[in-house]
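Down below is the structure, laid out as structure tokens.
2 protein chains.
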Amino acid sequence: MSESGRRRPRGPRRALTENEILDAALSLLDHGPDAASVRAIAARVGVAPNAIYTYFPDKAAVVNALVERLLGEVDHDVFADRAQPWRERVEALALELRAKLSAHPGAVSLMVGSRLDGSNAQALTERLLQVLADAGLDPTDAARASYLLIVYIFGSLVLEVADVQHKVPLPAESERIATRQLAFSARPPEHFPHSAAAAATMAGYISTEQYLWGLRRILEGLTARVAMERESVGSD
Amino acid sequence: MSESGRRRPRGPRRALTENEILDAALSLLDHGPDAASVRAIAARVGVAPNAIYTYFPDKAAVVNALVERLLGEVDHDVFADRAQPWRERVEALALELRAKLSAHPGAVSLMVGSRLDGSNAQALTERLLQVLADAGLDPTDAARASYLLIVYIFGSLVLEVADVQHKVPLPAESERIATRQLAFSARPPEHFPHSAAAAATMAGYISTEQYLWGLRRILEGLTARVAMERESVGSD
DNA sequence: TACCTGATTTGTACGCCGTACAAAGAACCG
DNA sequence: CGGTTCTTTGTACGGCGTACAAATCAGGTA
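The structure is reproduced here in structure tokens:
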């Protein structure tokens, strides 16, 4: 074992672990995206603010590690089963990601500007490419499609947390819809006829139903292409 | 005229306009998303920091106004022409928005968490709904589709600015692709076979070409639905 | 004309933030 | 034991958004 090979370092044992710091940051984030300051995290784990810098080089590293950890919580088994229809696997992946990330709205705010290139992010991309390859997309289309899906998933999350704007805790979906309904009906209908007509639907934008609706339209667009290409190839 | 009806206020004439403040903020944003501090803006327009609060209640209002102003710069004529094919109108809208917003990467960072419910945002939504209605979507589908498109456009922008991470000025597209190419080839190919194979495509993710590719897949998904529904309605 | 009144601008200050730096403390080695 | 090395802390700097009271300015009114 190489792990027993490396001796314990010279100094005092560390009082914390990286994970305890991330735990603290994550729980603080439930009080708003700005609540996870270095000072607050340090206070939460009972240590001086600058002790954090023994574990992470700067705050951006804490954020990156936090995002990576959330991505690591995604259960791959749900959509790694190649016996399942590929569409359901993509939907399962999208729902898993949304569930794990929107559970921490503050963290979603933080991932904007995070690198998203950690090993867990790569693993998820790889899984997605796998599913799309199983769907019959050639490697180039699969790559493009995976980015399209990531944009959709990530964009939905960002718009969703922007909508609830660091209110805490996250209100229930039905309550959020009602709030938006009110906001829409306050608009001048004479200048925005389509918007007024679509108010009820638009109030329900931010919902799992709309999320899946959009996802399915995208999947249809991806496979329409495959179908077209298969047709054009013809008797091959 | 009601404008001549309101008399000039009592005090000294204002030294600035809201627009000058937004100009200053916008030019500062080109030096990074954090460069547009209230103090920096005030210094830029030659005024004490707290004078800004005579024009805007707080910094969030400045950001909202800035985003609204950028949305107002979008040229509606390009996609308001109902004689044009609706697909091209949607593409023109998407390209206009991307062009106007990604010209100010710092501002895109700021719009995350902005309300996006100003009159210009509403006008764009209305236009989008109009185009989708012209495409033959019923009001409900048009509403859902417009949100899907907004998520895509906005998500693409957010991921794009996250990729260049406040580097300034924005590097050329070819250079960004080369940088990403390097990053991808540094990954362990044995654990991520699909990712490795798709590296070249993925390096080119962030490009106008990929942006349009995804957009067209979405439009195909939306119209595949319309086509299906028309078929199922049958002889009607 | 001179004063009053109300809007604008400024000076100062508070409490945060991320984090650099040097000193102090703790565990291991010889 | 002393020395070495790592962790933790105290203190401090510069910057942030913004609250508050004083000063300044330009009307309207007497």
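Those protein sequence lines, which keep their order, are chains A and B.
So the mapping is simple: the numbering used here equals the position in the first sequence, first residue as 1, plus 107.
So the mapping is simple: the numbering used here equals the position in the second sequence, first residue as 1, plus 107.
Idealized CB from N, CA, C, for every residue including glycine.
Beta-carbon neighbours of residue i, restricted to chain A and to distances below 8 Å
| i | result |
| --- | --- |
| residue 193(B) | Simply none; closest approach about 14 Å. |
| residue 288(B) | The contacting residues do not exist; residue 288(B) stays about 13 Å from chain A at best. |
| residue 263(B) | 258, 262 |
| residue 283(B) | Simply none; closest approach about 14 Å. |
| residue 294(B) | 229 |
Contact belief for residue i with residue j at Cβ below 8 Å, rounded distance in angstroms
| i | j | result |
| --- | --- | --- |
| residue 317(A) | residue 254(B) | 6 Å |
| residue 328(A) | residue 325(B) | 5 Å |
| residue 283(A) | residue 271(A) | 6 Å |
| residue 197(B) | residue 238(B) | 6 Å |
| residue 137(B) | residue 211(B) | 7 Å |
| residue 135(B) | residue 142(B) | 5 Å |
| residue 125(B) | residue 162(B) | 5 Å |
| residue 201(B) | residue 322(B) | 5 Å |
| residue 154(A) | residue 123(A) | 7 Å |
Of the residues the options, the one placed nearest residue i, counting alpha carbons only
| i | options | result |
| --- | --- | --- |
| residue 251(B) | 286(B), 236(B), 164(B) | 236(B) |
| residue 264(B) | 225(B), 229(B), 216(B), 304(B) | 216(B) |
| residue 291(A) | 269(A), 312(A), 203(A) | 312(A) |
| residue 144(A) | 266(A), 214(A), 305(A), 222(A) | 214(A) |
| residue 245(B) | 286(A), 183(A), 138(A), 305(A) | 305(A) |
| residue 156(A) | 229(A), 186(A), 128(A), 222(A) | 128(A) |
| residue 178(A) | 162(A), 146(A), 285(A), 205(A) | 205(A) |
| residue 295(B) | 286(A), 320(A), 233(A) | 233(A) |
| residue 223(B) | 188(A), 266(A), 187(A) | 266(A) |
| residue 140(A) | 240(A), 218(A), 125(A), 200(A) | 218(A) |
| residue 209(A) | 183(A), 293(A), 314(A), 167(A) | 314(A) |
| residue 299(B) | 231(A), 122(A), 195(A), 185(A) | 231(A) |
| residue 181(B) | 195(B), 203(B), 221(B) | 203(B) |
| residue 183(A) | 121(A), 207(A), 285(A) | 207(A) |
Element boundaries [alpha helix (DSSP H), containing residue i]
| i | result |
| --- | --- |
| residue 179(A) | 166-179 |
| residue 257(B) | 246-271 |
| residue 288(B) | 280-292 |
| residue 237(A) | 226-241 |
| residue 199(A) | 193-209 |
| residue 134(A) | 125-136 |
| residue 222(B) | Note, residue 222(B): premise wrong, no alpha helix (DSSP H); not H, not E. |
| residue 149(A) | 145-151 |
| residue 187(B) | 184-187 |
| residue 302(A) | 300-304 |
Outcome for residue i when other beta-carbon atoms lying within 10 angstroms are tallied against a minimum of 16
| i | result |
| --- | --- |
| residue 302(A) | buried |
| residue 341(A) | With a pLDDT of only 43 at residue 341(A), under 50, the local geometry of the prediction cannot be trusted, and the value read off the model is given with reservation. Its Cβ having fewer than 16 others within 10 Å, residue 341(A) is exposed. |
| residue 171(B) | buried |
| residue 109(B) | With a pLDDT of 40 at residue 109(B), under the threshold of 50, the predicted position of this residue should be treated as unreliable, and no value is reported. |
| residue 289(A) | exposed |
| residue 281(B) | exposed |
| residue 228(B) | buried |
| residue 111(B) | Per-residue confidence for residue 111(B) stands at a pLDDT of 42, beneath the threshold of 50, marking its modelled position as unreliable; no derived number is given. |
| residue 119(A) | exposed |
| residue 310(A) | buried |
| residue 287(B) | buried |
| residue 330(A) | buried |
| residue 175(A) | buried |
| residue 188(A) | exposed |
| residue 248(B) | buried |
| residue 240(A) | buried |
| residue 242(A) | buried |
| residue 190(B) | exposed |
| residue 293(B) | exposed |
| residue 343(A) | Annotation note: pLDDT 41 at residue 343(A) (below 50); position unreliable, no value reported. |
| residue 279(A) | exposed |
Where residue i meets chain B, residues with beta-carbon distance less than 8 Å
| i | result |
| --- | --- |
| residue 212(A) | Correct list: empty, because the minimum Cβ distance to chain B is about 11 Å. |
| residue 308(A) | 246, 247, 250, 251 |
| residue 216(A) | 219, 220 |
| residue 205(A) | In chain order: nothing, as chain B lies at least about 12 Å away. |
| residue 269(A) | 219, 220, 221, 222, 223 |
| residue 242(A) | Those within 8 Å of residue 242(A) in chain B number zero; the least Cβ separation is about 12 Å. |
Proximal residues of chain A, C-beta to C-beta of residue i below 7 Å
| i | result |
| --- | --- |
| residue 325(B) | 324, 325, 328 |
| residue 266(B) | 258, 261 |
| residue 236(B) | 301, 302, 305 |
| residue 133(B) | Within 7 Å Cβ-Cβ: nothing; residue 133(B) doesn't reach chain A, min ~19 Å. |
| residue 162(B) | The contacting residues do not exist; residue 162(B) stays about 23 Å from chain A at best. |
| residue 94(B) | Past the boundaries of the shown model lies residue 94(B); chain B is included only from 108 to 343, so the question cannot be answered. |
Residue i: contacting residues in chain B (beta-carbon distance under 7 Å)
| i | result |
| --- | --- |
| residue 233(A) | 299, 301, 302 |
| residue 136(A) | None at all; the shortest Cβ gap to chain B is about 14 Å. |
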